[in-house]
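As structure tokens, the structure follows; a few thoughts come after it.
Residue numbers (the numbering used here): 19 to 343.
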């Protein structure tokens with residue numbers, strides 16, 4: 019994993035317009051600290067807090083801290099990210115959570131990495147010294163998704179579930195957000211890998227939540243979401259393999275049931291078990307249909323990927339933005 023040198027706050031990043039976008043849901047104990055830390059790291063950036071129906075005064079605290087506050091009525095981080103990407107206009111977007119767990123001081127380093135290598139996404143890979151900050155269930159889910167994406171795309175990230183990311187304008191404006199909840203990080207990573215975008219990771223510190231801030235994650239609920247996301251990714255991105263496996267299983271079952279019938283027919287010239295013969299016929303038809311579905315959907319996936327790529331190419335690369343007066 020490539021490492022990039024640190025730069026002073028604001029150094030080398032005054033040209034492009036930078037927006038810091040922070041999802042927030044009941045983060046009264048952390049949102050002010052988060053806003054202040056990112057303002058110190060990137061003083062020229064606009065800081066947006068997108069509040070997702072907080073009931074603890076987070077919205078008012080963020081506004082008093084100097085952030086531009088927007089409200090998102092639909093519950094779920096995916097809905098918040100959709101609004102952030104649609105409503106905020108900038109050249110570079112720095113996204114983090116509003117819980118003060120991500121290292122705001124690393125933001126200039128992530129932005130510098132993007133500009134130096136003309137990247138479309140830089141992921142702040144989490145390095146945690148505190149066990150409570152990054153639970154074992156989430157570590158396992160991270161590993162499972164990372165392994166799957168490596169198998170699907172030939173490459174992946176070491177921390178696919180990190181919420182600390184820097185995006186180019188062409189990434190944000192070509193990304194059709196479809197997720198509703200915390201699986202949004204996986205969808206973001208898949209979008210970058212699917213279009214073979216230039217991306218990188220930079221190791222950043224990850225700390226425990228401050229006192230008074232409570233995690234909204236659930237190990238079992240989010241674990242189920244991860245499993246469902248793995249299944250969906252496999253079905254959508256590799257339809258030939260997915261439906262091909264189903265076709266092979268159906269065909270193998272049909273052939274296993276057909277062997278005794280064929281042997282009996284060759285010996286006696288009779289087919290005594292008509293229900294089994296009908297079942298074998300049905301299984302072979304289903305296997306053929308499954309294989310054809312995989313071929314057809316593969317064509318659809320390729321067409322969709324081409325459309326996304328063309329939309330992505332309509333926007334300029336990060337390094338193309340000149341200094342602004």
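Glycine included, each C-beta is placed from N, C-alpha and C at the ideal position.
A quick note: this is a predicted structure, and the numbers were derived from the prediction, not measured.
At which residues does the alpha helix (DSSP H) containing residue 283 begin and terminate? 257–286
Could you check what DSSP says for residue 333 in three-state terms: helix, strand or coil? coil
Nearest-angstrom Cα separation, counted from residue 276 out to residue 294: 8 Å
Considering only the beta carbon of each residue, do residue 116 and residue 41 sit closer than 9 Å? yes
Those residues which DSSP pairs with residue 40 across a bridge: 67
Is residue 211 buried or exposed, if buried means 16 or more other CB atoms sit within 10 Å of its CB? Result: buried.
Beta strand (DSSP E) segments (min. 3 residues) lying fully within the stretch 68–141: 86–89, 110–113
Extract the residue ranges of the beta strand (DSSP E) inside the stretch 163–209, only unbroken runs of 3 or more that lie entirely within it. 183–186
Hey, out of 246, 189, 200, whose CA is closest to residue 331's CA? Comparing Cα-Cα distances from residue 331 to each of 246, 189, 200, the minimum goes to 189.
Would you call the CB atoms of residue 346 and residue 220 closer than 9 Å? Summary: the structure shown does not reach residue 346, with the chain confined to residues 19 through 343, and so no result is reported for it.
Between the alpha carbons of residue 269 and residue 163, how many angstroms are there, rounded? 30 Å
Assess, as a yes-or-no matter, whether the stretch 302–312 is touched by the stretch 255–268 under the definition of 3 or more beta carbon pairs within less than 8 Å. yes
Separation of residue 130 from residue 150, as counted between CA atoms: Any answer about residue 150 is weak, because its pLDDT of 48 lies below 50 and its placement is not dependable; what the coordinates show is given next. Cα to Cα, residue 150 sits roughly 30 Å from residue 130.
Let me know the secondary structure DSSP gives residue 62 once reduced to three states. coil
Inspect the beta-carbon positions of residue 66 and residue 106 and report whether they are closer than 9 Å. Yes, these two residues count as a Cβ contact at 9 Å.
Considering Cα atoms alone, identify which of 225, 312, 242, 288 is closest to residue 254. 312
Would you kindly work out how many angstroms separate the C-alpha atoms of residue 52 and residue 174, rounded to a whole number? 29 Å
Would you tell me roughly how many angstroms separate the C-alpha atoms of residue 183 and residue 121, rounded to the nearest one? Roughly 11 Å separates the two Cα atoms.
Proximal residues to residue 289 (C-beta, below 8 Å), its chain only, five neighbours per side dropped: 279, 282, 283, 295
Which word fits residue 208, buried or exposed, when buried means at least 16 other C-beta atoms lie within 10 angstroms of its C-beta? If you draw a 10 Å sphere on the C-beta of residue 208, you find 16 or more other C-beta atoms in it, and that means buried.
Confirm, please, whether the CB-CB distance from residue 141 to residue 217 is below 9 Å. yes
Quick one: Cα of residue 168 to Cα of residue 91, how far? Looking at the two C-alpha atoms, the distance is approximately 35 Å.
Minimum C-alpha distance to residue 86 - residue among 35, 325, 68: 68
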